Amino acid sequence: IKTLIQRWNIYKYRFLPWVAVNLSRGDIIPIAQDKLISDDDILQQLIVTFTALKERYNRSPIDKAEVVVNNVLGFQIGQKSSSIKEAGSGVFVTKGNVNTGQVVALYPGTVYLPSDSKFFQSLGNQFMFKCSDNRYIDGKGTGLSKSIFVSCANRDRIGLYEACDTTWIKNTCSCPLNVGQYVNNHTKTKSANVQYQEFDFTSDFPLELRKYIPNVNFDSATDPNFLRSIALISTRDIHSGEELLSSYFTVSH
Ligand SMILES: C[S@@+](CC[C@H](N)C(=O)[O-])C[C@H]1O[C@@H](n2cnc3c(N)ncnc32)[C@H](O)[C@@H]1O
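First residue of the sequence shown: 1, per UniProt numbering; consecutive thereafter.
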């Protein structure tokens with residue numbers, strides 16, 4: 001019975017009748033909200049952070065990626081056991097403070113168009129994120145999902161330039177922000193402090209910084225200069241020691 005309950009807790013977020021009941025009770029908030037900050041603001045925050053991550057190799061000794069993020073953004077995040085019972089692991093602010101309206105994390109994974117086949121990748125996959133335009137992002141870093149991500153990343157490499165970050169799969173993130181898939185859903189007593197916001201990387205994003213982007217297109221016919229991503233933006237100030245919590249049913253776009 002315990003195993004069944006555990007399986008149900010993992011699966012329920014994808015079971016439409018459960019979602020519908022909770023929507024009607026107001027336990028989950030199904031909103032497509034206006035953007036919390038502009039896309040330009042997100043991209044600017046990322047360019048500054050990614051540039052600092054790239055430049056850390058110019059110094060000796062090389063700073064840890066977490067330290068670089070802390071210097072640029074004023075906080076560090078990390079994955080550890082959730083403060084919510086039986087929720088598995090979660091993401092916490094481990095140092096410093098987050099201000100309202102900051103990019104706190106990115107949701108990694110392969111980006112699927114509505115027409116792309118994703119049946120087998122979706123089976124038992126709790127990391128499939130549905131965007132407002134029916135694109136999906138598969139943030140699972142193991143099994144078939146992992147193989148597909150790595151294969152697409154190799155396909156899209158441009159000469160010496162990597163198309164995206166593949167280190168999030170190995171849990172040795174070269175960009176410590178790329179752990180948004182581990183953020184848990186808020187509860188009645190613990191309110192959400194971050195919100196998902198869709199945005200796109202476009203052709204003007206610097207080639208040499210793309211190795212920190214945690215997403216890749218599944219379909220080779222999709223323009224590689226147009227890549228969907230999801231940022232988790234803080235909806236209030238978040239202090240060191242707090243767990244990041246989102247609302248799984250709220251996306252701003
Ligand atoms: C996208 S994953 C989040 C990371 C996950 N906690 C882990 O350890 O891999 C979503 C899964 O986390 C768990 N989860 C998220 N929020 C939860 C909550 N408020 N209560 C219980 N389980 C939760 C559920 O199993 C859900 O299917």
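All C-beta atoms, glycine included, are put in the ideal place defined by N, C-alpha and C.
Only a predicted model underlies this, so the values are computations on that prediction, with no experimental measurement involved.
- Between the C-alpha atoms of Ile-62 and Pro-206 there is a straight-line separation of about 23 angstroms.
- It is roughly 18 angstroms from the alpha-carbon of Val-48 to the alpha-carbon of Thr-100.
- In the same chain as Leu-43, and ignoring 5 residues on each side of it, the C-beta atoms closer than 8 angstroms to its own belong to Phe-199, Phe-201 and Phe-205, in chain order.
- In this structure, DSSP gives Leu-244 a state outside helix and strand, which the three-state scheme calls coil.
- Under the three-state reduction of DSSP output, Ala-52 falls in the helix class.
- CA-CA distance, Ser-246 to Gly-139, rounds to 16 angstroms.
- For a cut-off of 8 angstroms, the C-beta gap from Ala-52 to Asn-71 is around 7 angstroms, short enough to register as a contact.
- The alpha-carbon separation between Arg-157 and Glu-208 amounts to approximately 11 angstroms.
- Inclusion of Ile-37 and Ile-233 in the CB contact set at 8 angstroms is warranted, their separation being smaller than that value.
- Straight-line measurement puts the Cα of Arg-56 at about 26 angstroms from the Cα of Ile-238.
- Going by DSSP, Gly-96 is part of the beta strand (DSSP E) stretching over 89-96.
- The three-state reading of DSSP puts Asn-71 in helix, counting H, G and I together.
- Taken atom to atom, the span from the alpha-carbon of Thr-172 to that of Thr-189 is near 32 angstroms.
- Cβ-Cβ distances below 6 angstroms link Tyr-13 to Tyr-248 in the same chain, with the five nearest sequence neighbours on each side left out; the list follows chain order.
- Closest by C-alpha distance to Ala-87, out of Lys-211, Asn-9 and Ser-220, is Asn-9.
- Put simply, the backbone Cα of Asn-134 is about 14 angstroms away from that of Thr-250.
- Counting only the Cα atoms, Arg-210 lies some 40 angstroms from Pro-17.
- Taking the Cβ of Asn-184 as the reference point, at least one heavy atom of ligand 1 falls within a distance shorter than 7 angstroms.
- Placement of the Cβ of Ile-84 at a distance of less than 7 angstroms from at least one heavy atom of ligand 1 is found.
- Judged by DSSP secondary structure, Val-111 falls within the beta strand (DSSP E) whose first and last residues are 109-112.
- Note that the C-beta distance between Val-103 and Ala-231 is below 8 angstroms.
- At a Cβ-Cβ threshold of 8 angstroms, Ser-145 and Gln-181 do not count as neighbours.
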